[in-house]
Each structure stands twice: as structure tokens, then as C-alpha cells.
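Student:
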Amino acid sequence: QSLEFIAKKSYKHIDNNHKPLSKSQISDLNEIQSMFNGILVSVEQAFTAQNFSDLSTCLEKENSILALISEKIDVQIARTRKEEVSPKNTALYFNLLLETKDLVKAVMRLVEEYHNSSSNS
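Residue numbers in the sequence shown follow my numbering, run continuously in steps of one, and reach 124 at the last position.
1. Are the CB atoms of ASP57 and SER67 nearer to each other than 8 angstroms?
2. Go ahead and label ILE35 buried or exposed: buried means 16 or more other beta carbons lie within 10 angstroms of its beta carbon, across all protein chains shown.
3. Mark ILE17 as exposed unless 16 or more other C-beta atoms lie within 10 angstroms of its C-beta, in which case mark it buried.
4. Could you check whether ILE80 and LEU100 sit closer than 8 angstroms to each other, using their CB atoms as the reference points?
5. I need the straight-line Cα distance from VAL114 to ILE42, nearest angstrom please.
6. Checking 8 angstroms against the spacing of the C-beta atoms, do TYR117 and LEU24 come in under that value?
7. Excluding the 5 residues preceding and the 5 following LEU32 in the sequence, name in chain order all residues of the same chain whose CB lies nearer than 7 angstroms to its CB.
8. State the start and end residues of the unbroken alpha helix (DSSP H) segment that holds HIS21.
9. What's the C-alpha gap between LYS12 and SER120?
10. Measure the C-alpha to C-alpha separation of THR93 and VAL110 and round it to an integer number of angstroms.
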């Protein structure tokens, strides 16, 4: 659901010929993507090796990525106060950040459930 939302919002933004995201916004999103990819790779490795105790390490990283997303939201708020920023651009960026935050939480709840189930077995 989150990925579909992100894709639709991004497509609509581009299809309506709105300004692209700024280099700093793209850099911020890439930083978040890199961190999230690292977590997903760790989760995949834990499942592949069937070493579910490693999932606790993945769960510990959740707060870091959520803090990073919150930081990027604060940075964008500061940007809009200092610079001339397109409202449509800002709306897309906030949508991407907030939907990514929801996606991270959903994935981590699933990992947490699996970790708890495997710990009880």
C-alpha cells in the first residue's frame, strides 16, 4: 500500500509537470533509502540463515531511521521558512517522508512479531 501510494504521488507530480525535488531533498531521500535498505538486508540475512535472534539488532535500528526521517521533516520545515520552495514540491516531499515512515513502522512491526514468535518457540 505504501509503495503504491509513493508511486502514484510521484507519478502525479511528474505528470502535472511540477518542479522536481531539489538536490538536497533527493540526497535526504537517498540517505533514508540507504539506511532502510541496510535494515532490510539484515532482515533478509537473518531469515536466510534462520538466525532469528539477529532480528533484535534490526529492531534496534528502527529508532535510528525514524529519528532520521523526523530530522529530515524538520530540515524541510526550516527550508520552507528560509527559501522560496514550491508548495507542490514540499507536499510531495512530505508525502514521501511520511509514507516512508509508515512503511518502516509496518515492516518493523512484522519483524517484531516474527522475532517475538521465534523467541517463544
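Using N, Cα and C, we set each Cβ at its ideal position, and we do this for glycine too.
Tutor: So, to answer that:
1. Taking the sequence shown and counting its residues from 1, one reaches residue 57 at position 54. Taking the sequence shown and counting its residues from 1, one reaches residue 67 at position 64. In this structure, the beta-carbon distance from ASP57 to SER67 does not fall below 8 angstroms.
2. To locate residue 35, count along the sequence shown from 1; it is residue 32. With at least 16 other beta carbons inside 10 angstroms of its own, ILE35 counts as buried.
3. Translated into the one-based positions of the sequence shown, residue 17 becomes position 14. Exposed is the call here.
4. Position 97 of the sequence shown, counted from the first residue, corresponds to residue 100. Position 77 of the sequence shown, counted from the first residue, corresponds to residue 80. The Cβ atoms of LEU100 and ILE80 do not sit closer than 8 angstroms to each other.
5. Position 111 of the sequence shown, counted from the first residue, corresponds to residue 114. Position 39 of the sequence shown, counted from the first residue, corresponds to residue 42. For VAL114 and ILE42, the distance between alpha carbons rounds to 11 angstroms.
6. As a first step, residue 117 is located in the sequence shown; it is residue number 114 there, counting from the start. As a first step, residue 24 is located in the sequence shown; it is residue number 21 there, counting from the start. Not a contact, by the Cβ cut-off of 8 angstroms.
7. As a working mapping, residue 32 is identified with position 29 in the sequence shown. If we look at LEU32 and ignore the five residues flanking it on each side, its Cβ neighbours are LEU99.
8. Along the sequence shown, read from residue 1 onward, the residue named residue 21 stands at position 18. First-last for HIS21: undefined, no H or E at that position.
9. Your numbering for residue 12 matches position 9 in the sequence shown. Your numbering for residue 120 matches position 117 in the sequence shown. For LYS12 and SER120, the distance between alpha carbons rounds to 36 angstroms.
10. Taking the sequence shown and counting its residues from 1, the one referred to as residue 93 is at position 90. Taking the sequence shown and counting its residues from 1, the one referred to as residue 110 is at position 107. The C-alpha of VAL110 is placed about 26 angstroms away from the C-alpha of THR93.
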